[in-house]
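**Q** Please find one structure pasted underneath; my questions will follow.
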Amino acid sequence: MTLLTSKRAPRAQAKTHKIRGKVHLREHLMGWLFVGPFGIVFLAFLIAPLAYALYLSLFKKQLIGGTSFVFLDNYTKAFTDPSFLSGAWFVLRFSLVAIPLQIVIALAMALILDAVTSLFARFSRLMIFLPYAIPTVIGAVMWGFLYSRSFGPLSDVFGLFGAEAPDFLSSNLIFYGLLNITTWQWAGYYMIILYAALQGIEPTLYEAARMDGAGKWQIAVRIKIPLIAPALILILVFSLIGTLQFFNEPQILRYLAAGTIGTDFTPNMYAYQQAFALANFNYGSAISFALGGVVFICVYAFLFITRKRRSFL
Amino acid sequence: MTDRTSARARRRPQRYLPMQILLGFLVIYFLVPFWWVIVNSSKDSPGLFGGDNTLWFTDKVDYFGNLQELFTYGGGIYGRWILNSTLYALAGGIGATILAVMAGYGFAKYRFAARRFSFAIVLGALMVPATALVIPTFIMFSRLGLTNTIWAVILPSLLNPFGVYLMHVYARDAVPDEILDAARVDGAGEVRTFFQIALPLMRPAVVTVLLLSAVASWNNYFLPLAMLSDNRLFPVTVGLGLWQGVASANNAGGTSLWSLIIMGALVSVIPLIIAFFSLQRYWRGGLSVGGLR
Amino acid sequence: MKRRRILAAATALVAASGLVACSSDGDGGGTDASNCTNKITKTDLPVVTMWAWYPNMQLVVDNFNKQNTEVQVCWTNVGQGGDEYDKFQTAISAGTGAPDVIMIEMDRIPNFQIQNAIVDIKKYGFDAVKANYSEGSWKDVSVGDAVYGVPVDGGPMGMIYRKDIFDKYGITPPKTWPEYEQAAQKVKDAGGPQFGDLGANVPAVMMALQIQKGASPFAYDPAQPKSIGVKMNDQGSKDVLDYWGGLAKKGLVGTQDQFTPEYISGVINGKYATYISAAWAPGYLTGAGVGQGQDTGKFAVAPLPQWDTANPVQVNWGGSSFAVTKQAKKPELAAKAAYGLYADKESLTDGWTNQVIFPLNLTALNSPEFVDLKVKFFGGQQANKEVYVPASNAYKGMTYSPFGQYYFDAMTKQISEVIKGSVTGSQAADRLQEDVAKYAKEQGFTVQ
Numbered sequence: 007m008t009l010l011t012s013k014r015a016p017r018a019q020a021k022t023h024k025i026r027g028k029v030h031l032r033e034h035l036m037g038w039l040f041v042g043p044f045g046i047v048f049l050a051f052l053i054a055p056l057a058y059a060l061y062l063s064l065f066k067k068q069l070i071g072g073t074s075f076v077f078l079d080n081y082t083k084a085f086t087d088p089s090f091l092s093g094a095w096f097v098l099r100f101s102l103v104a105i106p107l108q109i110v111i112a113l114a115m116a117l118i119l120d121a122v123t124s125l126f127a128r129f130s131r132l133m134i135f136l137p138y139a140i141p142t143v144i145g146a147v148m149w150g151f152l153y154s155r156s157f158g159p160l161s162d163v164f165g166l167f168g169a170e171a172p173d174f175l176s177s178n179l180i181f182y183g184l185l186n187i188t189t190w191q192w193a194g195y196y197m198i199i200l201y202a203a204l205q206g207i208e209p210t211l212y213e214a215a216r217m218d219g220a221g222k223w224q225i226a227v228r229i230k231i232p233l234i235a236p237a238l239i240l241i242l243v244f245s246l247i248g249t250l251q252f253f254n255e256p257q258i259l260r261y262l263a264a265g266t267i268g269t270d271f272t273p274n275m276y277a278y279q280q281a282f283a284l285a286n287f288n289y290g291s292a293i294s295f296a297l298g299g300v301v302f303i304c305v306y307a308f309l310f311i312t313r314k315r316r317s318f319l
Numbered sequence: 275m276t277d278r279t280s281a282r283a284r285r286r287p288q289r290y291l292p293m294q295i296l297l298g299f300l301v302i303y304f305l306v307p308f309w310w311v312i313v314n315s316s317k318d319s320p321g322l323f324g325g326d327n328t329l330w331f332t333d334k335v336d337y338f339g340n341l342q343e344l345f346t347y348g349g350g351i352y353g354r355w356i357l358n359s360t361l362y363a364l365a366g367g368i369g370a371t372i373l374a375v376m377a378g379y380g381f382a383k384y385r386f387a388a389r390r391f392s393f394a395i396v397l398g399a400l401m402v403p404a405t406a407l408v409i410p411t412f413i414m415f416s417r418l419g420l421t422n423t424i425w426a427v428i429l430p431s432l433l434n435p436f437g438v439y440l441m442h443v444y445a446r447d448a449v450p451d452e453i454l455d456a457a458r459v460d461g462a463g464e465v466r467t468f469f470q471i472a473l474p475l476m477r478p479a480v481v482t483v484l485l486l487s488a489v490a491s492w493n494n495y496f497l498p499l500a501m502l503s504d505n506r507l508f509p510v511t512v513g514l515g516l517w518q519g520v521a522s523a524n525n526a527g528g529t530s531l532w533s534l535i536i537m538g539a540l541v542s543v544i545p546l547i548i549a550f551f552s553l554q555r556y557w558r559g560g561l562s563v564g565g566l567r
Numbered sequence: 142m143k144r145r146r147i148l149a150a151a152t153a154l155v156a157a158s159g160l161v162a163c164s165s166d167g168d169g170g171g172t173d174a175s176n177c178t179n180k181i182t183k184t185d186l187p188v189v190t191m192w193a194w195y196p197n198m199q200l201v202v203d204n205f206n207k208q209n210t211e212v213q214v215c216w217t218n219v220g221q222g223g224d225e226y227d228k229f230q231t232a233i234s235a236g237t238g239a240p241d242v243i244m245i246e247m248d249r250i251p252n253f254q255i256q257n258a259i260v261d262i263k264k265y266g267f268d269a270v271k272a273n274y275s276e277g278s279w280k281d282v283s284v285g286d287a288v289y290g291v292p293v294d295g296g297p298m299g300m301i302y303r304k305d306i307f308d309k310y311g312i313t314p315p316k317t318w319p320e321y322e323q324a325a326q327k328v329k330d331a332g333g334p335q336f337g338d339l340g341a342n343v344p345a346v347m348m349a350l351q352i353q354k355g356a357s358p359f360a361y362d363p364a365q366p367k368s369i370g371v372k373m374n375d376q377g378s379k380d381v382l383d384y385w386g387g388l389a390k391k392g393l394v395g396t397q398d399q400f401t402p403e404y405i406s407g408v409i410n411g412k413y414a415t416y417i418s419a420a421w422a423p424g425y426l427t428g429a430g431v432g433q434g435q436d437t438g439k440f441a442v443a444p445l446p447q448w449d450t451a452n453p454v455q456v457n458w459g460g461s462s463f464a465v466t467k468q469a470k471k472p473e474l475a476a477k478a479a480y481g482l483y484a485d486k487e488s489l490t491d492g493w494t495n496q497v498i499f500p501l502n503l504t505a506l507n508s509p510e511f512v513d514l515k516v517k518f519f520g521g522q523q524a525n526k527e528v529y530v531p532a533s534n535a536y537k538g539m540t541y542s543p544f545g546q547y548y549f550d551a552m553t554k555q556i557s558e559v560i561k562g563s564v565t566g567s568q569a570a571d572r573l574q575e576d577v578a579k580y581a582k583e584q585g586f587t588v589q
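Chains as they are written, first to last, in our numbering: chain A, 7 to 319; chain B, 275 to 567; chain C, 142 to 589.
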């Protein structure tokens with residue numbers, strides 16, 4: 007960093023004395039100098055791996071017979087592979103439930119916290135945000151314990167009503183078990199983003215609305231929510247990307263419920279399993295690439311649908 | 275912004291009781307796992323598995339013993355993991371932030387060739403799942419002999435397109451062109467203008483990007499899990515995952531790892547919580563910008 | 142001013158992290174002695190690296206290093222079973238990062254042998270130790286004529302049970318599987334706990350129980366490496382899956398994943414009357430806090446129930462060996478370590494007194510102290526003499542698959558389906574056959 011600066015500074019200074027026509031060149035140069043370092047990292051750790059994954063995914067490696075070029079066979083296989091499809095279907099289903107749930111909760115909390123200004127509200131804001139500071143892996147470890155029917159609190163809570171505690175790690179309920187973990191983990195973070203956006207709204211707008219006879223509910227629905235729509239869209243995009251590549255939580259809970267959470271539970275886990283446990287990097291890459299493609303298409307489609315509201319792209 | 279908030283609060287203090295009660299329940303929900311961890315990291319394994327009251331202490335409260343066990347088990351490997359996590363978070367976070375600040379400023383303030391095209395590509399990259407990159411990056415690194423080194427974890431985490439985007443928006447809005455032009459007219463070089471004029475104006479966003487990328491590195495699991503096989507290089511996430519696996523096989527040789535895992539989880543979350551609370555003022559300001567207007 | 146300080150601090154941090162980075166750079170290497178979990182005192186000797194997960198490995202390595210004058214072992218635990226194999230597999234793909242010596246369960250040896258990732262150690266001093274292990278043990282670590290591992294421990298199976306529960310409901314240890322079911326029904330009818338557990342995450346147990354009823358899932362001859370026999374839906378395999386699926390459906394056994402805190406907690410709290418497991422289990426249960434305090438001496442062990450008492454079949458679960466990897470720079474030294482580790486009296490005695498291993502080394506296996514040991518976990522019962530040694534002696538060995546990882550994952554999936562009730566045991570066996578045969582074909586094998 008210091009190296010770059012010292013090299014660049016004299017050149018830039020010398021340039022300021024040159025004639026007008028050259029300013030343009032200088033601007034090109036300076037722009038690229040600022041963007042360049044990131045550009046190099048971008049090429050090395052994003053473009054190159056993507057290209058390489060694409061290349062790898064065109065080959066096939068067998069225990070007997072070695073490696074051979076198969077063109078798009080891995081993709082044909084992936085999109086007819088019940089493991090990949092069921093994993094993709096799971097994350098899609100999960101996204102459809104989890105994302106709206108998290109955002110509705112986050113929005114409700116943000117609106118409440120925007121309206122209530124007591125000391126307790128400020129305390130709550132921090133506490134609700136707290137889980138974001140917990141690595142998802144640790145969060146999953148913690149909830150794994152809490153879900154235990156023998157020594158987690160569930161048995162105590164359900165025992166109060168004389169009921170038997172549900173097993174959130176069983177195949178029937180794992181969906182809800184994971185839903186709870188991700189909501190706990192992310193709702194607070196989304197709430198903070200929405201809250202920050204709400205705080206950025208000019209209070210005079212509320213005054214005007216109140217003059218026109220709008221109630222608190224109407225102000226929330228008619229003014230606050232539309233004004234923070236870009237923030238909502240941003241959150242949606244990020245949660246969509248995050249949920250479609252679900253990995254950490256189920257991977258950790260596998261230690262507790264290997265029967266419920268198979269190695270092909272989500273596409274990302276399946277890709278990991280293929281690449282790192284079965285040494286099939288080619289098929290693993292194909293799955294990764296296919297997943298990346300699906301995510302890209304989903305997000306782009308979403309942004310296209312909401313293009314009128316977004317100011318962020 | 276803080277000023278405006280407090281001004282608003284002064285004008286009309288709002289204390290809806292039902293809302294506050296609702297908040298109370300939410301806080302309980304969000305805190306229960308922490309409470310469980312705090313209580314249960316005081317127990318030994320019979321207390322943990324045989325105990326009846328899972329949300330309260332047993333007769334034997336032994337934080338010190340468990341802490342000591344945590345930091346001495348396996349030759350004190352846990353302390354090493356925490357240090358590794360810190361190193362990865364700092365190196366990855368600071369590196370990514372420097373790159374993002376420079377690039378965001380560059381995109382916002384210079385009209386250079388292929389600017390729009392490059393920026394569009396960076397935005398497109400926001401949508402590429404990071405984990406899709408891990409497998410090919412692993413093979414590339416293995417060819418270069420970089421797997422199983424700290425660089426395998428640090429280098430890929432320098433990439434933070436969202437940071438670039440955030441800095442771009444912030445620089446565009448918070449750094450007026452007029453000030454930059456004035457500085458140039460006064461004879462300040464581009465680099466000096468950047469450091470003395472632009473950077474101070476961008477500070478809230480810089481802190482935000484720094485925190486976000488440090489948190490991303492700290493939380494990373496997939497990348498180090500794939501890249502590292504030497505457990506002395508593990509960050510704490512992968513390390514605790516390893517213990518979870520070993521403990522699942524009842525395989526710690528007379529030591530019950532479960533108590534250590536719970537204590538380890540508790541200890542590992544403390545640094546980030548402190549960082550977040552102490553830097554609150556900065557990052558909250560930064561989050562409210564960045565395309566959110 | 143303030144800004145400059147922040148910048149200075151940031152620069153200092155980057156520099157500092159760079160420094161730390163440089164200083165810890167050397168840790169990435171394979172044979173760097175500073176990586177070890179154990180401490181190497183004879184620093185002038187060459188070092189071989191090793192991965193293993195035996196609970197008492199620290200002591201074993203220290204014993205070896207103390208006694209050896211040619212080579213020192215640098216040991217780390219990179220995870221148990223599957224976790225370690227994933228790491229090893231990754232290192233194989235990367236071409237670097239593997240240790241010199243690695244602990245591998247015997248059923249995984251063909252898996253790594255076919256990838257040429259472990260080496261034949263016959264030429265590195267096999268003859269000197271040949272007599273220390275039985276024919277059968279050597280067979281389990283060999284592929285064809287080549288020897289790929291040094292046998293360390295075995296897993297002859299038995300039925301661990303809670304004496305207090307058996308006494309309370311007036312039952313005696315069942316000798317056959319039908320009796321096992323009757324006893325389970327009796328306990329359930331009397332309002333007692335579940336009789337056992339069907340865990341989806343222990344496919345190796347299901348495999349062993351199927352083999353007990355005559356199954357032979359794989360036929361593989363390394364002389365013809367391209368051809369493999371896959372037979373997972375024979376009548377024996379189907380019967381066993383149907384039997385356990387039935388027990389689960391009737392609520393006679395639990396369906397909890399084993400080795401989880403939930404399961405341990407269940408074992409401690411008397412939720413299961415029996416635990417079908419291997420000779421190393423008591424040590425692991427003790428480590429997790431089972432059978433201590435008021436529960437001391439409540440457990441006992443009986444021989445594994447049989448299908449046909451006239452022709453009893455003994456089976457094996459687990460059992461590991463030390464192998465030398467292809468990436469070992471000095472395979473001869475590595476082989477010395479593999480042969481020597483866990484072969485000294487002190488380590489073996491520690492292993493079997495704490496019941497974390499069932500030794501295959503004949504000096505231990507045949508010693509009267511071992512055979513006559515009154516096992517504390519079983520309240521002084523002579524478990525080795527009564528159950529495990531006879532089971533071990535009657536064990537005939539089996540043929541393992543060159544893609545064990547896939548097979549076990551697929552088995553886990555099917556057991557999970559049986560537990561869910563979405564398929565019957567027989568259907569699960571058919572699906573497993575289809576799945577594994579398909580994978581074998583994809584991998585280029587001719588399936589018979």
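Cβ atoms here follow ideal geometry from the backbone N, Cα and C, with glycine treated the same way.
What span of residues does the beta strand (DSSP E) with GLU246/C cover, start to end?
**A** By 1-based counting over the third sequence, the position of residue 246/C is 105. Its beta strand (DSSP E) spans residues 242-246.
**Q** So ASP270/A and SER92/A are in contact, right, with Cβ under 8 Å, and what is the actual spacing, rounded?
**A** The residue you call residue 270/A lines up with position 264 of the first sequence. The residue you call residue 92/A lines up with position 86 of the first sequence. So it is a contact: roughly 7 Å between Cβ atoms.
**Q** Would TYR536/C and GLN589/C qualify as a contact pair, given that the criterion is a beta-carbon distance under 9 Å?
**A** Stepping through the third sequence from its first residue, residue 536/C is reached at position 395. Stepping through the third sequence from its first residue, residue 589/C is reached at position 448. The answer is no: Cβ separation not under 9 Å.
**Q** Whose C-beta lies closer than 6 Å to the C-beta of ALA399/B among residues of the same chain, with five residues either side of it excluded?
**A** If you number the second sequence from 1, residue 399/B lands on position 125. Excluding positions up to five away in sequence, the list reads PRO435.
**Q** So if DSSP puts ILE351/B in a beta bridge, which residue, or which two residues, is it bridged to?
**A** Against the second sequence, residue 351/B aligns to sequence position 77. None; ILE351/B has no bridge partner.
**Q** Quick check on this structure: which residue in PRO232/A, LEU113/A and VAL97/A has the alpha carbon closest to the alpha carbon of TYR182/A?
**A** Position 176 of the first sequence, counting from 1, holds the residue named residue 182/A. Closest by alpha carbon: VAL97/A.
**Q** For ALA54/A, return the contacting residues in chain C, with the cut-off set at a CB-CB distance below 7 Å.
**A** Indexing the first sequence from 1 puts residue 54/A at position 48. Ordered by position in chain C, no residue passes the 7 Å Cβ test against ALA54/A, which lies about 17 Å from the chain.
**Q** Closer than 7 Å, Cβ to Cβ, to anything on chain B: give me those residues from the region 183-202 of chain C, in chain order.
**A** Those residues of the region 183-202 of chain C that come within reach of chain B (Cβ to Cβ, closer than 7 Å) are TRP194, PRO196 and ASN197.
**Q** Indicate whether ALA345/C and PHE549/C have their beta-carbon atoms separated by less than 9 Å.
**A** For the purposes of this step, residue 345/C is taken as the residue at position 204 of the third sequence. For the purposes of this step, residue 549/C is taken as the residue at position 408 of the third sequence. Yes, Cβ-Cβ distance for ALA345/C and PHE549/C is below 9 Å.
**Q** Note the first and the last residue of the continuous beta strand (DSSP E) segment covering MET298/C.
**A** As a first step, residue 298/C must be located in the third sequence, where it is residue number 157. It spans 298-303 - the beta strand (DSSP E) in which MET298/C sits, taken as one unbroken run.
**Q** Let me see if you follow: with CB-CB separation under 9 Å, is GLY268/A close to chain C or not?
**A** Translated into the one-based positions of the first sequence, residue 268/A becomes position 262. Yes, GLY268/A lies at the interface with chain C (some Cβ there is under 9 Å from its Cβ).
**Q** Measure the CB-CB distance between LEU573/C and ASN273/C and report whether it falls below 9 Å.
**A** Locating residue 573/C in the third sequence gives position 432, counting from the first residue. Locating residue 273/C in the third sequence gives position 132, counting from the first residue. No, these two residues do not count as a Cβ contact at 9 Å.
**Q** By how many angstroms is the C-alpha of ALA239/C removed from the C-alpha of GLY170/C?
**A** The residue labelled residue 170/C in the question sits at position 29 within the third sequence. The residue labelled residue 239/C in the question sits at position 98 within the third sequence. Note that GLY170/C scores 37 on pLDDT, short of 50, meaning its location in the model is unreliable; the coordinates nonetheless yield the value given after this. Going from the Cα of GLY170/C to the Cα of ALA239/C covers about 10 Å.
**Q** Short of 7 Å in beta carbon distance, which residues of its chain neighbour THR565/C, apart from the five on each side in sequence? Order them along the chain.
**A** The count along the third sequence starts at 1 and reaches residue 565/C at position 424. Result list for THR565/C: ASP383 and GLY386, in chain order.
**Q** In chain order, what residues of the same chain lie with their CB nearer than 6 Å to the CB of ALA524/C, ignoring the 5 residues before and after it?
**A** Counted from its first residue, the third sequence places residue 524/C at position 383. For ALA524/C, where only same-chain residues beyond five positions count, the Cβ hits under 6 Å are VAL442 and VAL516.
**Q** Mind pulling the chain A residues with CB within less than 8 Å of SER392/B?
**A** Taking the first residue of the second sequence as 1, we reach residue 392/B at position 118. The answer, in chain order, is VAL41 and GLY45.
**Q** The beta strand (DSSP E) that contains GLY370/C, what's its start and end?
**A** Residue numbering aside, residue 370/C sits at position 229 when the third sequence is read from its first letter. Residues 368-371.
**Q** Identify whether TYR384/C lies in helix, strand or coil by the three-state DSSP scheme.
**A** Within the third sequence, residue 384/C is the residue found at index 243, counting from 1. Helix at TYR384/C.
**Q** Could you name the residues that DSSP lists as bridge partners for THR217/C?
**A** As a working note, residue 217/C is residue 76 in the third sequence. BP columns for THR217/C point to TRP192/C.
**Q** At 9 Å on the CB atoms, spell out the chain C contacts of VAL520/B, in chain order.
**A** Residue mapping note: residue 520/B aligns to position 246 of the second sequence, counting from 1. Those within 9 Å of VAL520/B in chain C are TRP194, ASN218, GLY220, GLN221 and ASP224.
**Q** Starting from the C-beta of ILE471/B, find all residues in its chain whose C-beta is less than 7 Å away, skip the five residues before and the five after it, and write them out in chain order.
**A** Looking up residue 471/B in the second sequence gives position 197. Cβ within range, chain order: ILE453, LEU454 and ALA457.
**Q** Under 9 Å, Cβ to Cβ, is there at least one residue of chain B near ASN80/A?
**A** Here residue 80/A corresponds to residue number 74 of the first sequence, with the count starting at 1. So no, ASN80/A is outside the interface.
**Q** Over the uninterrupted alpha helix (DSSP H) stretch that includes PRO307/B, give me the two end residues.
**A** In the second sequence, residue 307/B corresponds to position 33, counting from 1. Per DSSP, PRO307/B belongs to the alpha helix (DSSP H) from 291-314.
**Q** Can you list the residues of chain E that GLN433/C reaches, using a CB-CB cut of under 9 Å?
**A** Structure shown: chain E not included; protein chains present are A, B and C.
**Q** Could you spell out where the beta strand (DSSP E) holding GLY72/A opens and where it closes?
**A** On the first sequence, position 66 is the one that residue 72/A refers to. Per DSSP, GLY72/A belongs to the beta strand (DSSP E) from 72-75.
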